[in-house]
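FYI, the numbering used here numbers position 11 of the sequence shown as 11, with every residue one higher than the one before it.
Idealized CB from N, CA, C, for every residue including glycine.
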Amino acid sequence: HLDLARVEWLLGQQPVYRLAPSSEKLFLPLVETDSEHGTALVQTLRTFLEVDCSVNATARELFLNPNSLRHRLKRVHELTGDNPRVFRERVALAVGKVKNF
Numbered sequence: 001h002l003d004l005a006r007v008e009w010l011l012g013q014q015p016v017y018r019l020a021p022s023s024e025k026l027f028l029p030l031v032e033t034d035s036e037h038g039t040a041l042v043q044t045l046r047t048f049l050e051v052d053c054s055v056n057a058t059a060r061e062l063f064l065n066p067n068s069l070r071h072r073l074k075r076v077h078e079l080t081g082d083n084p085r086v087f088r089e090r091v092a093l094a095v096g097k098v099k100n101f
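Here's what the structure looks like:
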């Protein structure tokens, strides 16, 4: 019953075709930027979301300086229009990552 309140479970009840358009809209610019410039924005965002949005924990996981991480998160914001450091915008990004980019 505890899983019923989790976003992951709720999203898992949705058909992929409902989530795919927003997922692609949000993540495609990150995937393209990573591919073209050798950056790791998708990995950075995924890690940030997985460690409860802790800058310090994410920086440790990715072996980055916290300021470098902040720069990457700013770049995610610029490319997607959603700021991973703002809760309601972070939720959109978390929903978007369901497609496993």
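| field | First through last residue of the alpha helix (DSSP H) which encompasses Asn67 | value | Start and end: Pro66 to Thr80.
| Integer-rounded CB distance, given that Leu73 should sit under 8 Å from Leu30 | In fact, because the Cβ distance is near 12 Å, the residues do not count as touching under 8 Å.
| said: For Ala59, which residues in the same chain have their Cβ closer than 6 Å to its Cβ, ignoring the five residues on either side in sequence? | reply: Excluding positions up to five away in sequence, the list reads Pro66 and Leu69.
| What is the DSSP secondary structure of Val16, counted as helix, strand or coil? | Three-state result, Val16: helix.
| query | On the premise that Ala94 lies in contact with Leu26, defined as a C-beta separation below 8 Å, what is that separation, rounded to the nearest angstrom? | reply | With a Cβ gap of about 10 Å, Leu26 and Ala94 do not count as contacting.
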